[in-house]
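What follows is a short report on a single structure.
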Amino acid sequence: MEPRYFDSGTVDVKFGAGVTVVRPANLYGCEIGEGCFVGPFVEIQKGVKVGARTRVQSHSFLCEGVTVGEDCFIGHGGMFVNDLFSGGGPSADPAEWRDTVIGNGVSIGSNVTLLPVAVCDGCVIGAGAVVTRDLTEKGVYAGNPARLVREL
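The opening residue of the sequence shown carries number 49 in the numbering used here; numbering runs sequentially from there.
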């Protein structure tokens, strides 16, 4: 039996001026602000908004319900999660998914995982951190779960 194929690519994306996308990338139904950079092997799903001058490095995944502010950095392998598996497994019902909002000037290190949270302006999240709660104070966060290690 022949498998069903889906091609990656760019479909129905609203781009600001001066955006750079390195292929292959899978971008669909999202908004990418002016002057942004999107590295290879990135997926940005429908409804995601990425603010101006933000850099999304390779192998990152931004799922539905994510909003990223301006002048942010998302390191290699940044993973955003919108489903908390509240029913014991993945939910196919988008009404059960939650949003993530990243403020302006936020730096997210490589291999960070963000559950549905809000991150205030100017935070730095160290490589490998797992963000399980809202980050409401500007500072450097690290660990699993991510904790404030230094105020900025």
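Every residue, glycine too, gets a C-beta built ideally from N, C-alpha and C.
For residue j and residue i, the rounded distance between their alpha carbons
| i | j | result |
| --- | --- | --- |
| residue 197 | residue 55 | 42 Å |
| residue 157 | residue 52 | 35 Å |
| residue 149 | residue 49 | 42 Å |
| residue 72 | residue 124 | 15 Å |
| residue 160 | residue 127 | 6 Å |
| residue 90 | residue 187 | 27 Å |
| residue 183 | residue 63 | 29 Å |
Where residue i falls: helix, strand or coil (DSSP)
| i | result |
| --- | --- |
| residue 199 | strand |
| residue 190 | strand |
| residue 91 | strand |
Inter-residue CB distance, residue i and residue j (contact presumed, cutoff 8 Å)
| i | j | result |
| --- | --- | --- |
| residue 194 | residue 178 | 6 Å |
| residue 164 | residue 192 | Incorrect: roughly 17 Å between the Cβ atoms, too far for contact. |
| residue 113 | residue 95 | 7 Å |
Burial state of residue i (16 or more Cβ within 10 Å)
| i | result |
| --- | --- |
| residue 102 | buried |
| residue 109 | buried |
| residue 162 | buried |
| residue 121 | buried |
| residue 75 | buried |
Three CB pairs or more closer than 8 Å across the stretch 131-142 and the stretch 74-92: no
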